Amino acid sequence: MMEQCWQLDPKLRPTFTELLVQLKAMSEDEYLPQSTNSFLDHKGIWKKEIQLTLERLKKAERDISHREQELQERELKLKERERLLGQQFNIVNLEDYDVNTWRDVDVYQWVMQLRTSGHTADLAQYAELFLSHHITGRRLLRMTEKDLKDIGIQSVGHVMDFQVEIDLLRTHNFRLLNFPPLIKQEEQSSNKKEQETVSLVLIFGHHLRKGATPEVS
Numbered sequence: 001m002m003e004q005c006w007q008l009d010p011k012l013r014p015t016f017t018e019l020l021v022q023l024k025a026m027s028e029d030e031y032l033p034q035s036t037n038s039f040l041d042h043k044g045i046w047k048k049e050i051q052l053t054l055e056r057l058k059k060a061e062r063d064i065s066h067r068e069q070e071l072q073e074r075e076l077k078l079k080e081r082e083r084l085l086g087q088q089f090n091i092v093n094l095e096d097y098d099v100n101t102w103r104d105v106d107v108y109q110w111v112m113q114l115r116t117s118g119h120t121a122d123l124a125q126y127a128e129l130f131l132s133h134h135i136t137g138r139r140l141l142r143m144t145e146k147d148l149k150d151i152g153i154q155s156v157g158h159v160m161d162f163q164v165e166i167d168l169l170r171t172h173n174f175r176l177l178n179f180p181p182l183i184k185q186e187e188q189s190s191n192k193k194e195q196e197t198v199s200l201v202l203i204f205g206h207h208l209r210k211g212a213t214p215e216v217s
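Per full-length UniProt numbering, residue 1 is the first one in the sequence shown, and the count goes up by one each step.
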């Protein structure tokens, strides 16, 4: 009824006679006061529920904002960590150096390089474990199945993959120390030859041979 009374078009508004009829019907309705009282009774309950819901939403918003800030700070720390690690990676081709001389950051780089291979790509996720436990090259060559589990590698399959890779690394390092590659020696010798300086002295002259006749000469 109130909505009809607020219509912009006067023709759509109810007449006074219609309003009186509706008001009289409402006054004679026995259930109307009960319905009205029920609404008023529930209004307080609904208000409390709405207030509690708003408080929970505000708390959730604060938690999300705090969590987002933590994630941003963590991302910045990770980027800074990667930058510092990149500065420490002075050795590019690790396979050219004795594994016993590797630092923990070199072992980290070696584990990260395993992701370039299809069957060992999953092993790169453990690079941080090796770095946090300060696993150097010397310790890496001596690691056993128990050692790998102790640093936090729980997957049996990944432990076996690491054992295979470490065995291959031991074999490669043994060959490197006992049978140095000849190609490098040839490259070093060729580089030395290129750096040598040779002096040459050229003497130019002419020689005339007298012929039998002036025309021949």
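Just so it is clear, CB atoms sit at the ideal spot from N, CA and C, and this is done for glycine as well.
No experiment lies behind these values; they were computed from the predicted model shown.
Item to check | Limits of the unbroken alpha helix (DSSP H) element including K149 | outcome: 145 to 150
Checklist entry - With DSSP run on the structure shown, which of helix, strand or coil describes H119? => result coil
Next on the checklist: Between the region 125 to 132 and the region 100 to 111, can you find at least three pairs of beta-carbon atoms closer than 8 Å?
Outcome noted: yes
Next on the checklist: Restricting to Cα atoms, I'd like to know which of Q22, V164, R67, E68 is closest to R142.
Outcome noted: V164
Checklist entry - Within 10 angstroms of its Cβ, does L12 collect 16 or more other Cβ (buried), or is it exposed? => result exposed
Item to check | Nearest-angstrom Cβ-Cβ length linking D98 and T136, presumed shorter than 8 Å | outcome: About 12 Å; that fails the 8 Å criterion.
Checklist entry - In this structure, does DSSP put E10 in helix, strand or coil? => result Reading off the sequence, residue 10 comes out as Pro, not Glu. It is helical.
Checklist entry - So, R115 versus A124, is the Cβ gap smaller than 7 Å? => result yes
Checklist entry - When we look at the beta-carbon of I64 and count the other beta-carbons within 10 Å, is it buried (16 or more) or exposed? => result exposed
Next on the checklist: Can you list, in chain order, the residues of its chain with a C-beta nearer than 7 Å to that of Q7? Leave out the 5 residues immediately preceding and following it.
Outcome noted: R13
Item to check | H42 versus E49: straight-line alpha-carbon distance, rounded | outcome: 10 Å
Checklist entry - Hey, H133 and I153: beta-carbon distance below 7 Å or not? => result no
Checklist entry - Can you tell me whether DSSP reads M2 as helix, strand or coil? => result helix
Item to check | Straight-line gap, G44 to T17 (C-alpha atoms, nearest Å) | outcome: 36 Å
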